[in-house]
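Q:
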Amino acid sequence: MNLILLGPPGAGKGTQAQRIVERFHIPQISTGDILRAAVKEATVLGKQAKAFMEKGQLVPDDVVIGIIDERLRAPDCQAGFILDGFPRTIPQAEALQVILDRMGKSVDFVINIEVDPEELVRRLTGRRTCKNCGAMFHILFYPPKKEGICDRCDGILYQREDDREEAIRTRLNEYEKQTAPLIQYYRSKNILRPIPGMGDQDQIFEHIVRVLNTKSI
Ligand code: AP5
Ligand code: MG
């Protein structure tokens, strides 16, 4: 199954992607995670991306398209994949189509997670992520059992550089300008599936599962 997770910053793409990985055993490909790892290791890619990411701006299309082109060829993507945070612009969506056509593949569903704008800011300002395993927490909504420590692996929890108020504002603007047009783009291809993203994570996940289970029908 080949999936795209669409939705504004803080919608819960990463949270739900981790659950889909566990249930369906297909890899999560998060361009944000790949770029953050590159910034941390100060690779050429990381140096290209750092300034954009810190400000909350999108990294140039050719950079992220290159990442995805390479990643989708890996053997673990044979049985399917979850694209989390890609595509984010119309040119990225068009490039993805070319890449998948070449591989004889297509996207089954674009899961669009819908969340009220004021809730997004609350989610982003309270997010904490495990440095070690990437598990996601929220200081109010999903607090870890021990403050600052991951429930899963005892790793240290950290706050993302771009979860500061100014960068959050830029990210939400970038989303409206550059990414929201993808909703209509995929709707017109009949693969868009809107998912209400407010409320309980388990219920949101079950809603996604119901959509994914329609594939074999
Ligand atoms: P990226 O890492 O993709 O960030 P994003 O799109 O801004 O989305 P987030 O990861 O912030 O949110 P999410 O939807 O994953 O929510 P989460 O599950 O964490 O991109 C970062 C940057 O990289 C970009 O700004 C850009 O610079 C660059 N980049 C990446 N891809 C790119 C591309 N394709 N092109 C160009 N540049 C690119 O949840 C958020 C919080 O809410 C968590 O604390 C969670 O615990 C909590 N939460 C989740 N679900 C619920 C719920 N139901 N109720 C209450 N709280 C919840
Ligand atoms: Mg994410």
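For the record, in the sequence shown the residue sitting at position 177 is 159 according to the numbering used here, with numbers rising by one throughout.
Note that beta-carbon positions come from the ideal geometry of N, C-alpha and C, so glycine has one too.
These numbers come from a predicted model, not from an experiment.
Going by DSSP in three states, residue 121 sits in which element: helix, strand or coil?
A: Coil.
Q: Please report the straight-line C-alpha distance between residue -12 and residue 136, rounded to a whole angstrom.
A: About 30 Å.
Q: Shorter than 8 Å, the distance from the beta carbon of residue 12 to the closest heavy atom of the ligand MG, or not?
A: Result yes, Cβ under 8 Å from the ligand MG.
Q: Which class does residue 3 belong to by DSSP, given the choice of helix, strand or coil?
A: Reduced to three states, the DSSP call for residue 3 is helix.
Q: Could you please give me the residues that DSSP links to residue 96 through a beta bridge?
A: Note: residue 96 sits in a beta bridge opposite 178.
Q: In whole angstroms, what is the alpha-carbon distance linking residue 138 and residue 131?
A: Their backbone Cα atoms lie some 5 Å apart in a straight line.
Q: What I want to know is whether the C-beta of residue 156 ends up closer than 8 Å to one or more non-hydrogen atoms of the ligand AP5.
A: Checking the Cβ of residue 156 against the ligand AP5 gives yes.
Q: Run the CB neighbour count on residue 71, radius 10 Å, all protein chains shown included, and call it buried at 16 or more, exposed below.
A: Buried, by the Cβ-count rule.
Q: Once the 5 residues before and after residue 191 are set aside, which same chain residues still bring their CB inside 8 Å of it?
A: Excluding sequence neighbours, residue 191 sits near 5.
Q: With distance defined between alpha-carbon atoms, name the residue in 36, 40 and 8 nearest to residue 21.
A: For the residues 36, 40 and 8, the minimum Cα distance to residue 21 belongs to 36.
Q: So, at 7 Å on beta carbons, what are the nonlocal neighbours of residue 160 in its own chain, with the 5 sequence-adjacent residues on each side left out?
A: Around residue 160: 40, 70 and 71.
Q: Who are the Cβ neighbours of residue 128 in its own chain at under 8 Å, not counting the five residues just before and after it?
A: No residues qualify anywhere along the chain.
Q: Scan the region 3 to 42 and note each continuous alpha helix (DSSP H) run of 4 residues or more that stays entirely inside, going in chain order.
A: 13 to 23 and 26 to 37, all fully within the region 3 to 42.
Q: CB residue 58 to CB residue 13, shorter than 9 Å?
A: No, the Cβ-Cβ distance between residue 58 and residue 13 is not below 9 Å.
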